[in-house]
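Count along the sequence shown from 1, add 9, and you get the number used in our numbering.
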Amino acid sequence: YKYYGSDKDLKLIRKEIEYAFIAIGQIKDFKKRLNIYKLLKKHNFTLPKIVASTSYVSDDVSIGEGTIVMHNCFINSGTTVGKNCIINTGALIEHNVEIKDHNHISTSAVINGDVKIGSKNFIGSNSTLNNDIHLGDEMVIPSASRITKNNKKKYEK
10 YKYYGSDKDL KLIRKEIEYA FIAIGQIKDF KKRLNIYKLL KKHNFTLPKI VASTSYVSDD
70 VSIGEGTIVM HNCFINSGTT VGKNCIINTG ALIEHNVEIK DHNHISTSAV INGDVKIGSK
130 NFIGSNSTLN NDIHLGDEMV IPSASRITKN NKKKYEK
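In C-alpha coordinates:
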(Lines of atoms letter the chains of each structure in order from A and count residues from 1; the text may use other names and numbers.)
(Lines give C-alpha, C1' and ligand atoms only; values in the text may rest on other atoms or scores of the structure.)
Protein backbone atom coordinates (compact mmCIF):
# COMPACT_ATOMS: atom_id res chain seq x y z
CA TYR A 1 0.00 0.00 0.00
CA LYS A 2 1.15 3.50 -0.72
CA TYR A 3 2.08 5.44 2.42
CA TYR A 4 0.43 8.87 2.42
CA GLY A 5 1.63 10.27 5.74
CA SER A 6 0.33 10.81 9.25
CA ASP A 7 -2.62 12.65 10.76
CA LYS A 8 -0.78 15.95 10.40
CA ASP A 9 -0.77 15.38 6.61
CA LEU A 10 -4.53 14.89 6.24
CA LYS A 11 -5.10 18.21 4.50
CA LEU A 12 -2.66 17.21 1.75
CA ILE A 13 -3.89 13.61 1.65
CA ARG A 14 -7.47 14.82 1.16
CA LYS A 15 -6.42 16.44 -2.14
CA GLU A 16 -5.72 12.94 -3.51
CA ILE A 17 -8.18 10.76 -1.60
CA GLU A 18 -11.89 11.37 -1.00
CA TYR A 19 -12.80 8.36 1.13
CA ALA A 20 -11.56 7.26 4.54
CA PHE A 21 -12.45 4.43 6.87
CA ILE A 22 -11.65 4.05 10.57
CA ALA A 23 -10.21 0.59 11.22
CA ILE A 24 -10.04 0.58 15.01
CA GLY A 25 -12.65 -0.51 17.54
CA GLN A 26 -13.59 0.95 20.89
CA ILE A 27 -13.54 -1.88 23.39
CA LYS A 28 -12.34 0.12 26.39
CA ASP A 29 -12.81 3.71 25.26
CA PHE A 30 -14.83 5.41 22.52
CA LYS A 31 -12.68 8.58 22.50
CA LYS A 32 -9.90 7.49 20.13
CA ARG A 33 -12.32 6.35 17.42
CA LEU A 34 -14.50 9.44 17.93
CA ASN A 35 -11.51 11.79 17.69
CA ILE A 36 -10.35 10.19 14.45
CA TYR A 37 -13.90 10.52 13.09
CA LYS A 38 -13.95 14.23 13.96
CA LEU A 39 -10.51 14.77 12.43
CA LEU A 40 -11.51 13.09 9.17
CA LYS A 41 -14.74 15.12 9.02
CA LYS A 42 -12.77 18.32 9.67
CA HIS A 43 -10.76 17.56 6.53
CA ASN A 44 -13.91 16.77 4.52
CA PHE A 45 -13.31 13.08 3.95
CA THR A 46 -16.30 11.00 2.92
CA LEU A 47 -16.84 8.14 5.38
CA PRO A 48 -18.82 5.44 3.56
CA LYS A 49 -21.08 2.95 5.25
CA ILE A 50 -19.82 -0.57 4.66
CA VAL A 51 -22.01 -3.66 4.84
CA ALA A 52 -20.52 -7.14 4.42
CA SER A 53 -22.08 -9.14 1.60
CA THR A 54 -22.86 -11.95 4.08
CA SER A 55 -25.06 -9.73 6.24
CA TYR A 56 -28.80 -9.15 5.89
CA VAL A 57 -30.11 -5.60 6.26
CA SER A 58 -33.83 -4.92 5.70
CA ASP A 59 -34.64 -2.44 2.95
CA ASP A 60 -36.06 0.16 5.36
CA VAL A 61 -33.04 0.25 7.70
CA SER A 62 -31.11 3.52 7.93
CA ILE A 63 -27.34 3.31 8.43
CA GLY A 64 -25.21 6.40 9.07
CA GLU A 65 -21.92 7.40 7.50
CA GLY A 66 -18.76 5.65 8.62
CA THR A 67 -20.64 2.68 10.05
CA ILE A 68 -19.50 -0.87 9.32
CA VAL A 69 -21.71 -3.94 9.45
CA MET A 70 -19.44 -6.99 9.64
CA HIS A 71 -20.14 -10.53 8.40
CA ASN A 72 -23.23 -12.57 9.24
CA CYS A 73 -25.19 -9.78 10.92
CA PHE A 74 -28.96 -9.38 10.73
CA ILE A 75 -30.54 -5.94 11.00
CA ASN A 76 -34.31 -6.08 10.80
CA SER A 77 -37.06 -3.71 9.73
CA GLY A 78 -37.48 -0.20 11.06
CA THR A 79 -34.02 0.01 12.63
CA THR A 80 -31.79 3.10 12.60
CA VAL A 81 -28.04 2.84 13.10
CA GLY A 82 -26.18 6.11 13.61
CA LYS A 83 -22.83 7.39 12.37
CA ASN A 84 -19.44 5.80 13.03
CA CYS A 85 -20.82 2.59 14.55
CA ILE A 86 -19.44 -0.93 14.48
CA ILE A 87 -21.94 -3.77 14.17
CA ASN A 88 -19.59 -6.67 14.70
CA THR A 89 -19.69 -10.20 13.33
CA GLY A 90 -22.84 -12.18 14.00
CA ALA A 91 -24.79 -9.42 15.74
CA LEU A 92 -28.59 -9.67 15.61
CA ILE A 93 -30.51 -6.39 15.73
CA GLU A 94 -34.25 -6.82 15.71
CA HIS A 95 -37.09 -4.55 14.53
CA ASN A 96 -37.49 -0.85 15.35
CA VAL A 97 -34.19 -0.51 17.20
CA GLU A 98 -32.55 2.91 17.49
CA ILE A 99 -28.76 2.92 17.81
CA LYS A 100 -27.32 6.43 18.05
CA ASP A 101 -23.84 7.53 16.93
CA HIS A 102 -20.42 6.09 17.84
CA ASN A 103 -21.53 2.73 19.25
CA HIS A 104 -19.82 -0.65 19.09
CA ILE A 105 -22.17 -3.63 19.09
CA SER A 106 -19.81 -6.57 19.58
CA THR A 107 -19.78 -10.11 18.22
CA SER A 108 -22.97 -12.15 18.52
CA ALA A 109 -24.77 -9.51 20.58
CA VAL A 110 -28.57 -9.71 20.45
CA ILE A 111 -30.52 -6.45 20.47
CA ASN A 112 -34.23 -7.25 20.67
CA GLY A 113 -37.12 -5.19 19.30
CA ASP A 114 -37.82 -1.55 20.18
CA VAL A 115 -34.52 -1.06 22.04
CA LYS A 116 -33.05 2.47 22.21
CA ILE A 117 -29.27 2.78 22.62
CA GLY A 118 -27.72 6.19 23.32
CA SER A 119 -24.32 7.34 22.00
CA LYS A 120 -20.77 6.09 22.59
CA ASN A 121 -21.64 2.72 24.10
CA PHE A 122 -19.93 -0.64 23.95
CA ILE A 123 -22.15 -3.73 24.01
CA GLY A 124 -19.99 -6.80 24.76
CA SER A 125 -19.93 -10.10 22.90
CA ASN A 126 -22.88 -12.44 23.44
CA SER A 127 -24.84 -9.84 25.40
CA THR A 128 -28.61 -9.69 25.12
CA LEU A 129 -30.78 -6.61 25.49
CA ASN A 130 -34.44 -7.54 26.09
CA ASN A 131 -37.29 -5.84 24.23
CA ASP A 132 -38.01 -2.16 24.94
CA ILE A 133 -34.75 -1.50 26.83
CA HIS A 134 -33.41 2.09 26.85
CA LEU A 135 -29.69 2.62 27.47
CA GLY A 136 -28.02 5.95 28.14
CA ASP A 137 -24.71 7.22 26.76
CA GLU A 138 -21.10 6.16 27.34
CA MET A 139 -21.93 2.78 28.83
CA VAL A 140 -19.94 -0.44 28.76
CA ILE A 141 -22.02 -3.59 28.79
CA PRO A 142 -19.72 -6.53 29.66
CA SER A 143 -19.66 -9.65 27.51
CA ALA A 144 -22.42 -12.21 28.11
CA SER A 145 -24.64 -9.72 29.96
CA ARG A 146 -28.40 -9.91 29.93
CA ILE A 147 -30.02 -6.50 30.20
CA THR A 148 -33.62 -6.65 31.39
CA LYS A 149 -34.15 -3.11 32.74
CA ASN A 150 -33.58 0.42 31.44
CA ASN A 151 -30.28 1.91 32.48
CA LYS A 152 -28.94 5.46 32.19
CA LYS A 153 -25.75 4.90 34.21
CA LYS A 154 -22.69 2.83 33.51
CA TYR A 155 -23.73 -0.79 33.70
CA GLU A 156 -22.02 -2.96 36.27
CA LYS A 157 -22.52 -6.70 36.20
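Don't be surprised by glycine CBs; every beta carbon is placed ideally from N, CA and C.
Contact check for Met148 and Asn130: beta-carbon distance about 5 Å, within the 8 Å limit, so the pair qualifies. If you compare the alpha carbons of Gly14, Lys20, Val66 and Ile150 with that of Ile84, the shortest gap goes to Val66.
With respect to the C-alpha of Lys109, the residue from Gly75, Ser152 and Ser136 having the closest C-alpha is Gly75. Taking a contact as a CB-CB distance under 8 Å, the pair His111 and Ser128 counts as one, their CB atoms being some 5 Å apart.
Going by C-alpha positions, Ile31 is about 7 Å away from Arg42. Here Asn97 is buried, its C-beta having at least 16 other C-beta atoms within 10 Å. Asn160 and Asp146 have their C-alpha atoms roughly 10 Å apart. The beta carbons of Lys58 and Gly73 sit about 7 Å from each other, so the pair counts as a contact at 8 Å. Rounded to the nearest angstrom, the gap between the Cα atoms of Ser86 and Gly14 is 41 Å. Burial state of Glu25 is exposed, judged by a 10 Å Cβ sphere holding fewer than 16 other Cβ atoms.
In this structure, Val78 and Val106 do not form a Cβ contact; the two beta carbons are roughly 13 Å apart against a cut-off of 8 Å. Residue range Lys40 to Lys51 is occupied by the alpha helix (DSSP H) that includes Tyr46. For Leu56, the three-state secondary structure derived from DSSP is coil. In this structure, Leu48 sits away from Lys92, with a CB-CB distance that is not shorter than 9 Å.
Phe54 has its alpha-carbon roughly 7 Å from the corresponding atom of Arg23. According to DSSP, Arg155 shares a beta bridge with Thr137.
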